[in-house]
Every structure is written in structure tokens, then in C-alpha cells.
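Q:
Numbering (our numbering), first residue to last: 894 to 1089.
Take a look at the structure:
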């Protein structure tokens, strides 16, 4: 009688192991499901889920899955473009992005140190690409600075010399942001993007 119970329990354990192994394999295959193709390169469903899991509770209440997918498409396009132009991040550039808050980010965003370093490497390459693309055709005219001074500073008894560098930096940032948005939109227009 005891042998029958032991055999039954062993058989039950074997069935459990087979079912568990099958479901684990099935889950692994499901995570390889392609969510989007960007110029023939996949963004997998698990990448969308991982990115979504890094959002804070406040962000996840604002950003939906389509927002995450759009972010990943832009990131993929920028990384493809950086690669095609031979732009890579150096160790120094990656280290410069690795701040004291990095350990806190790892905990807050459900990241490992390796995944954070990969993200920082990608971000450094994207930053180099965008720096290059947003400074190539950037022109700030004195007349633009003067126009902003006349409309926003002159009546406040602030001299042009005092306001000039502040206005210049504000214009520089605004124009760079506009060029960045235009560049990303151009990449999207020219890309072959298939959402599955």
C-alpha cells in the first residue's frame, strides 16, 4: 500500500514538472511576440512590458501602452540612425550619465545594473546623434535676441547686456528642441513602421 502511494506521488510530481516546464516554455515564447517592426527590426512585446514597468505610478496613470510603443519606436529609430552614422557612446559618456541617483533609479524602475548601463549607453549615443543633428543648421540672429529683449525685458529696466546671454540660451534651447522634434518626425515619416 505504501509503495502505491509513493508511486502515485512520484507520478503526480512528474506530471507537475512536465506541466510546469510546458507553461514556462509557453510563457517564454509569448514574450518573443513582436509588437512592432521598425525598418525590419523588431520591438518585442516583452520590451513594451519592461518599459511600462519602469514607469512610476504617476507616469503609468498618464502614459498608456501606445505612448510606450511610440517612445520605443523613436528610440529604435534614433539608435538605428546613430548606428548608421557610426555614432557610439564612449565609456566616459556613459559614466557621465551614471549619477549618484543611479542606484535609486535601479530600485525605482525595476532595473538591474546591467539594464541601466545598457540604457545609459543607448542614451549617450542618442544624445550624441541629437547634438550633431540639432547644431548643424542652428542659427540665432541678433535680431531675434533683440526682438525678445524689446518685448520681454526692456520694460523691466533690465539692460540688454544683462539679458542677452539668458535670451540666447533660451532661444538656443527652444530651437534645438524644435530641430529635435522635426528630426524625429522626419525619421518617422521615412521609416517603415509596422505595428502588429
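Just so it is clear, CB atoms sit at the ideal spot from N, CA and C, and this is done for glycine as well.
1) Am I right that residue 947 and residue 1004 are in contact with their C-beta atoms under 8 Å? What's the rounded C-beta distance?
2) Mark residue 885 as exposed unless 16 or more other C-beta atoms lie within 10 angstroms of its C-beta, in which case mark it buried.
3) Where does residue 921 land, buried or exposed, given buried means 16+ other C-beta within 10 angstroms?
4) Which residues share a DSSP beta bridge with residue 937?
5) Among the candidates 1042, 994, 1074, 978, whose CA atom is the shortest distance from the CA of residue 1056?
6) Touch check for the segment 1075 to 1089 and the segment 929 to 941: three-plus C-beta pairs under 8 Å?
7) How should residue 940 be labelled, buried or exposed, when 16 other C-beta atoms within 10 angstroms of its C-beta is the threshold for buried?
A: Working from what's here:
1) 7 Å
2) The structure shown does not extend to residue 885, since the chain is modelled only from 894 through 1089, so no value can be given for it.
3) With a pLDDT of 48 at residue 921, under the threshold of 50, the modelled position of that residue is not reliable, and no figure is offered here.
4) 927
5) 1042
6) yes
7) buried
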